[in-house]
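Protein sequences appear in the order of chains A and B. Just so you know, we're using my numbering here: the first sequence kicks off at 85 and counts up by one. Just so you know, we're using my numbering here: the second sequence kicks off at 60 and counts up by one. This report refers to the structure that appears directly beneath it.
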Amino acid sequence: MPELTWQGYLRKDGRKGIRNLILIVYTVECASFVAHGIGQSEDDVHVIGFPGCYDNAYAIRMMIALITHPNVGACLAVGLGCEYTQPAKLAEAATASGRPADWFYIQQEGGTRLGVSRGKSALQSLREQMAKDSMRVPMSWADLTVGAECGGSDGTSGLSGNPVVGRFFDHLVDKGGTAVFEEVVEMIGLQDVLHSRAANEAVAKELDETYRKAEAYCKAVRQYSVSPGNFAGGLTTIEEKSMGAFAKSGSRAIQGVLRVSQQAPAPGLWLLDSVPDDHFMQFGYTNPNDTEGIMDLISVGAQIVLFVTGRGSVIGSPVAPLIKVTGNSTTFERMREDMDFNAGKVLSGEMTLDQSALNLLALVGEVASGVPSKPEALGHREYFLMYKHQETPSLAAGCHA
Amino acid sequence: MTGQSDGVEKRCFRVSAADNVATMLEDVATGPVRVCGEASSDLIWLREPIALGHKVALTAIPKGELIVKYGVPIGVSTTSIQAGDWVHLHNCHSRVDERSSGFDPRSGAAKDTAYA
């Protein structure tokens, strides 16, 4: 069988995207209405930003990681004019990566209507520059980073949804691609299992440290990553949920631990650690909702994210298409318009895990080739970014290019 | 998958041979259920209705024993459990999560947070 290839978008920094988006970035909540107004009724324009007025290193790193994401071709930064985060600096980071960019302050433009109109004309010229710069190139699995997360889990997630994604990850890694899974707080109880999957001794040590930090964090905040919906779906404890969640990592060796906004330095399977580091304010919540986890995966460069949900979910994501997988056939039937893939056929015996994983591989290939996923077609662009502290190497340190 | 000579068609799934619980693959009121996966020839007789995704005890589990799924302990029994019982928040507690018993077993709603 010849390897699948498709036409992607080559950026000047060498990264290859499967979409060609303009990203509007607001630098404080006060600028978000105008930012969304600019993006309204515009094709291939997504909106992200940071609601806080005081700046935060973690949030700024995240915004720059999204601005320079392979699926993004240009950036417009919009500020109010009194916040700490500087839109000019964000535009500068985009320009430095070879992406056309513009920025302005709403206070200087004269308000809501004038701000939106300034933004709309900026979009027009960014589109023209993008069209001029556009370079289409063939892409294959080796150019792809795929993230996986689960949410709204039930008793089927650990038996079908996550194992099918895990088997897909094995295929992706074997084809030279990059697979990233996260939710260390959903590995509570599994220290030995995690340790045994390390590619080498150094990685094993890194995994142990990551695990210990997550466990201490959960103890400190008295909150484990298990929700009322999980209980209603048959999951009884965090330990049970952990084993089911971990199945989405597949069976290949873990190459190392990434922090939020850090690119994988080599292909293979990687664990993303989104748990806050120690800080005197102890701020930043891990997994406050599913959307944060999805944005974390996109921040490390995932061009596509798989979301496994037994109970069903109606979220999507900006920047990278979300593919929604359920291991529960009842959920798939009930929420057909929102669910992309039914792994529940494994449970009913209609299909083996292997067949289901190959079907998922084919679907991911289609979405990579340009076919919109269900949440993408419905226009879902849920987004979340809050204050957090993580000690992270500079963005340049982990670059592929 | 079905068609065994005894005619039992309702199914649950045991992940590892070490497990003392299995996960329901469909909603079942009461009666016999086939255990698929490891030790797949067994039948278990449900003593109460158990929903898809929820767990059934495959053996008698005295109070204070480990509940095992995927071959790893997922909690500890808080009452004496009989084979065929529904195993969930009302009779199983996490070994790490102190809030574990503070939720309604059916809705999953937290009972330990004040709203007044």
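For each residue, glycine too, the CB sits at the ideal point set by N, CA and C.
Asked	Found
Suppose contacts are defined by Cβ-Cβ distances below 9 Å. Is V264 of chain A in contact with L445 of chain A by that definition?	no
Flag this pair as yes or no: are the beta carbons of I151 of chain A and L174 of chain A separated by less than 9 Å?	yes
With a threshold of 9 Å between beta carbons, is S139 of chain B in contact with chain A?	no
The alpha helix (DSSP H) that contains D276 of chain A, what's its start and end?	275 to 280
Quick check: the Cα distance between Y129 of chain B and S345 of chain A, rounded to an integer number of angstroms?	33 Å
If the cut is a Cβ gap below 7 Å, which residues of chain A does T68 of chain B touch?	Checking the displayed sequence, the identity of residue 68 of chain B turns out to be Glu instead of Thr. Correct list: empty, because the minimum Cβ distance to chain A is about 11 Å.
Between A:G203, A:R183, A:A149, A:V221, which lies nearest to G163 of chain A when the distance is taken from Cα to Cα?	A:G203
Could one say the Cβ of R165 of chain B lies closer than 9 Å to chain A's Cβ atoms, at least one of them?	yes
Who are the neighbours of P132 of chain B on chain A, taking C-beta pairs under 9 Å?	G273, E323
Counting C-beta neighbours from all protein chains within 10 Å, is the total for G394 of chain A 16 or more, i.e. buried, or is it exposed?	buried
Nearest CA to the CA of A110 of chain B: which residue from B:T89, B:T172, B:G66?	B:T89
DSSP three-state label for K114 of chain B, please.	strand
Comparing alpha-carbon positions, which option in A:G463, A:P372, A:V409, A:K216 lies nearest G231 of chain A?	A:V409
Quick check: E233 of chain A and G377 of chain A, are their CB atoms within less than 9 Å of each other?	yes
Fully enclosed by the segment 382 to 407 of chain A, which alpha helix (DSSP H) runs are 4 residues long or longer?	none
Does chain A have any CB closer than 9 Å to the CB of I126 of chain B?	yes
Within this structure, are the beta carbons of G239 of chain A and M83 of chain B separated by less than 9 Å?	yes
Would M214 of chain A and G157 of chain A be called neighbours here (beta carbons separated by less than 9 Å)?	yes
Quick one: grab the DSSP three-state call for M327 of chain A.	helix
Run through DSSP, which three-state label would N371 of chain A get?	coil
Looking only at its own chain, which residues have a Cβ that is under 6 Å from the Cβ of A178 of chain A, when we skip the five neighbours before and after it?	I151, C159, A185
Would you say V268 of chain A and T294 of chain A are within 9 Å of each other, going by their C-beta atoms?	yes
Helix or strand or just coil, what does DSSP make of G449 of chain A?	helix
Is it the case that the Cβ atoms of R154 of chain B and V135 of chain B are separated by a distance below 9 Å?	yes
Please identify the residue among B:S159, B:P132, B:H149 whose C-alpha is closest to the C-alpha of I140 of chain B.	B:H149
Thinking I108 of chain A and G123 of chain A are a contact (beta carbons under 8 Å), I'd like their distance in whole angstroms, please.	5 Å
Touch check for the segment 413 to 420 of chain A and the segment 218 to 230 of chain A: three-plus C-beta pairs under 8 Å?	no
Check whether the segment 91 to 109 of chain A touches the segment 425 to 441 of chain A, counting contact only when three or more Cβ pairs, one atom from each stretch, lie closer than 8 Å.	no
Using a beta-carbon distance cut-off of less than 9 Å, what residues from the segment 297 to 312 of chain A approach chain B?	E299, C302, K303, R306, Q307, Y308, V310, S311, P312
List the residues of chain A that A110 of chain B touches, going by C-beta distances under 7 Å, in chain order.	G318
Just mark F364 of chain A as buried or exposed, buried being the case when its beta carbon has 16 or more other beta carbons within 10 Å.	exposed
Look up P222 of chain A in the DSSP assignment and give the residues it is bridged to.	A:Q91
Run through chain A and tell me which residues come within less than 7 Å of R154 of chain B, C-beta to C-beta.	E323
Can you pull the DSSP bridge partners for Y189 of chain A?	A:G163
Which residues mark the beginning and the end of the alpha helix (DSSP H) in which E290 of chain A is found?	285 to 305
Between E97 of chain B and chain A, is there a C-beta pair that is closer than 9 Å?	no
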